[in-house]
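Participant: Quick note on numbering: the sequence shown equals residues 10 to 122 in the numbering used here.
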Amino acid sequence: MSADAPDVASDEVAPRFDEVIHAPVRLRVCGLLAAADQVEFSVVRDALGVSDATLSKHLRVLADAGFVEVRKAASSSRSDARRLTWLRLTAEGRRAFSAHVAELRAIAQGLVG
Numbered sequence: 010m011s012a013d014a015p016d017v018a019s020d021e022v023a024p025r026f027d028e029v030i031h032a033p034v035r036l037r038v039c040g041l042l043a044a045a046d047q048v049e050f051s052v053v054r055d056a057l058g059v060s061d062a063t064l065s066k067h068l069r070v071l072a073d074a075g076f077v078e079v080r081k082a083a084s085s086s087r088s089d090a091r092r093l094t095w096l097r098l099t100a101e102g103r104r105a106f107s108a109h110v111a112e113l114r115a116i117a118q119g120l121v122g
């Protein structure tokens, strides 16, 4: 994981429920990615306890919504040619995640009318 992630809570956002983010795996992906600048695919997969295929499917949905950026990069620590897949929340993804979390908090506090 790379440190120095932007503070998701620092930007004031209006609470907004997001169907794309709300799916349990995608919500957890966004939570992990919000805590760092970028995270390697296998770290997210292992943290969530899901298969490569399951994570890839959910990442595709998040990427199609403009919330996640997926980047392949060569690994300097590997002797083979295999590339690593790095994941990061886009600025739009960070805003949407922050707004979704704010909406969930409002729901939990009974503030939704």
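Yeah, the Cβ is synthetic: ideal placement off N, Cα and C, and Gly gets one too. Only a predicted model underlies this, so the values are computations on that prediction, with no experimental measurement involved.
Given Phe106, which residues of its chain have a CB within under 7 Å of its CB, disregarding the five upstream and five downstream residues?
Facilitator: Val17, Ile30, Cys39, Ala43, Leu98
Participant: With DSSP as the reference, label Ala62 as helix, strand or coil.
Facilitator: helix
Participant: Ala115 lies in the alpha helix (DSSP H); which residues open and close that run?
Facilitator: 100-117
Participant: With respect to the beta strand (DSSP E) encompassing Val53, which residues constitute its N-terminal and C-terminal limits?
Facilitator: Careful: Val53 lies outside any beta strand (DSSP E), inside the alpha helix (DSSP H) at 50-57.
Participant: Between which residues of its own chain and Leu36 is the CB-CB distance below 8 Å, once the five residues before and five after are set aside?
Facilitator: Ile30, His109
Participant: Can you list, in chain order, the residues of its chain with a C-beta nearer than 8 Å to that of Phe76? Leave out the 5 residues immediately preceding and following it.
Facilitator: Val29, Ile30, Cys39, Leu98, Thr99, Glu101, Gly102, Ala105, Phe106
Participant: Smallest Cα separation from Trp95: which of Arg114, Ser51, Ala62, Gly119?
Facilitator: Ser51
Participant: For Asp73, would you say it is in contact with chain C, using Cβ-to-Cβ distances shorter than 9 Å as the test?
Facilitator: Of the protein chains in this structure there is only one, and it is not chain C.
Participant: Identify which residue in Ala83, Ala74, Arg91, Pro33 has its Cα closest to the Cα of Thr63.
Facilitator: By alpha-carbon distance to Thr63, the top candidate from Ala83, Ala74, Arg91, Pro33 is Pro33.
Participant: With a CB to CB cut of under 7 Å and the five nearest residues on each side skipped, what residues in its chain are close to Arg54?
Facilitator: Asp61, Leu64
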